[in-house]
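Under my numbering, the residue at position 419 of the sequence shown is numbered 408, and the numbers go up by one with no gaps.
The beta-carbon is built from N, C-alpha and C at its ideal position, and this holds for glycine as well.
Below is one structure, written out as structure tokens; the observations come after it.
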Amino acid sequence: MRSTGYRRTVAALSVCSLALAVSACGSGDDTASGKTRITVNCMPPKSAKVDRTFFEQDIASFEKQHPDIDVVAHDAFPCQDPKTFDAKLAGGQMEDVFYTYFTDARHVVDINQAADLTPYVKELKSYDTLQQQLRDIYTVDGKVYGIPRTGYSMGLIYNKKLFEKAGLDPEQPPATWEELRADAKKIAALGDGTVGYADYSAQNQGGWHFTAELYSQGGDVVSADGKKATIDTPEGHAVLQNLHDMRWTDDSMGTKQLLVINDVQQMMGSGKLGMYLSAPDNIPILVKEKGGDYKDLALAPMPGGKGTLIGGDGYMVNKKASPAQIRAALKWLDHMFLTPGAGFLGDYARAKKADAPVGLPEPRLFTGAADAKDQQVKKANANVPVDNYQAFLDGNQSLTMKIEPPSAQQIYSVLDGAVSAVLTKKNADIDQLLRDASGKIDGILARG
């Protein structure tokens, strides 16, 4: 699941219009012009003026450096629409170079719609500098089928001003769920509609956060072989019991439930919420759209200290692409997204001039010298209070990074029911909820 649906440069963007001819998507080499032509998606829409301009500038500079390559970008909202994604692949309407969430990678390979990049990946200059755990997401049975572009991990956003008002140390965010519960109770005691901790429980978002909270406890949603649910465990019970107790015993989660991301962001931006789980990309939304202030918003690692949910996106190449198109695609990816301190994601100086936030702790894509360069350029152009995110960066070093489960959206829909039940029914039977959800998830996994 996406962290927010928006990032500074990822405003969830494009589906090649179904009205376009098939040749406008997976197009083949344009031999008439003597150039290799590639179609790409996830171009920011015209409504995202700054990002659109950056994207166009970067394509223009790429084509100037590579006059033998013609890049045709398609935009729409969102980058990937789950309702049309498989149909586009099966119908031959997918672009030559197409956007995917991390959770899509295996599926696209399984239905034989991705080009094998293994013979060509050595031509991607940045490949060896990318984090191994992100590369592994697009590696299936030893073969490379995609390239990661961004990554995020879940943490805890908290309001430093409310921490101070509640007599808490804003430089010592809660490290355990017990500490979070105690802090949330103190924040809620401020009154005047203040909520200590909020969580999602609708539109599959409750299941997404259940998963993140389960990971933080050291649990898992499905077995290692992907065949059985593993939520009816002490860790799964602890997740639901904690939510139930904060809601009904502590009264620290407020009375309004069945919340989704926009509700919680609005609460945090208005200064009425102490804490919620999120990735760093929520912070600029809280400021620019919800009325928050950068100086008040800090980020800590996931409570629990055992694990965190990671997600992100990348690009795959259409199985119909020619070798020349694959090579052109890799050059384009290097130029646009994978050069430290440059390109659409990394030109921090350009972003700063456009008043886009610079200095958030993610995405952190690179390792070694490439990471050092990227962080150096980011720090030099930072326009947000980077010290507010140091706890998140430090704490993440010791956490196990875990991707979303298979059939994530279907599973999240099931888990929504368990989360919403404990938040809306004081006498919810947690053991029964977990047994019922386990059976439903087993059925989803059996169907594949």
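- Residue pairing by DSSP leaves Thr356 without any beta bridge partner.
- With a cutoff of 9 Å on beta-carbon distance, Gly348 and Asn372 are scored as near each other.
- Distances from the alpha-carbon of Gly23 to those of Ile419, Ala343, Gln314 and Val184 put Gln314 closest.
- Ala359 and Asp234 have their C-alpha atoms roughly 45 Å apart.
- When secondary structure is reduced to three states using DSSP, Tyr147 falls in the strand class.
- Secondary structure note for Ile392: its beta strand (DSSP E) is the uninterrupted segment Thr389 to Ile392.
- Within the DSSP secondary-structure output, Pro290 pairs in a beta bridge with Gly144.
- With a beta-carbon spacing of about 4 Å, Leu262 and Met256 fall inside the 8 Å limit used to define contacts.
- As DSSP reads the structure, Phe87 sits in a beta bridge with Met305.
- Under the three-state reduction of DSSP, Gly432 is assigned to helix.
- Inclusion of Thr139 and Leu334 in the CB contact set at 9 Å is warranted, their separation being smaller than that value.
- Taken atom to atom, the span from the alpha-carbon of Leu322 to that of Val110 is near 11 Å.
- Pro163 is positioned such that its CB atom lies no closer than 9 Å to that of Met242.
- Per the coordinates, the alpha-carbon of Gly301 lies some 9 Å from the alpha-carbon of Thr89.
- Assignment of beta strand (DSSP E) within the region 106 to 146, counting only whole runs of 3 or more residues, yields 135 to 142 in chain order.
- Here Asn30 carries a strand assignment [DSSP, helix/strand/coil].
- Its chain contains Thr92 as the residues whose beta carbon lies nearer than 6 Å to that of Ala397, once the 5 sequence neighbours on both sides are disregarded; these appear in chain order.
- For Asp270, the three-state secondary structure derived from DSSP is coil.
- As far as DSSP is concerned, Met256 takes part in no beta bridge.
- Residue pairing by DSSP places Thr222 opposite no residue, since no beta bridge is assigned to it.
- By the neighbour-count definition (other C-beta atoms within 10 Å, threshold 16), Ala62 is a buried residue.
- When DSSP states are grouped into helix, strand and coil, Ala103 belongs to the strand group.
- Here Asp64 carries a strand assignment [DSSP, helix/strand/coil].
- Counting every other CB atom within 10 Å of its CB across the protein chains shown gives Lys77 a total of 16 or more, marking it as buried.
- If you draw a straight line from the Cα of Lys245 to the Cα of Gly144, it is about 23 Å long.
- DSSP, read as helix, strand or coil, puts Met264 in strand.
- Contact annotation: the region 72 to 86 does not touch the region 284 to 298, with fewer than three C-beta pairs closer than 8 Å.
- The beta carbon of Gly332 sits closer than 8 Å to the beta carbons of Asp47, His324, Met325 and Phe326 from its chain, once the five residues preceding and following it are set aside; these are given in chain order.
- Leaving aside the five residues that flank Tyr147 on each side, the residues in its chain whose CB is nearer than 7 Å to its CB run, in chain order, Pro162, Gly263, Met264, Ala287 and Ala289.
- For Arg236, the number of other beta carbons within 10 angstroms of its own is at least 16, and it is reported as buried.
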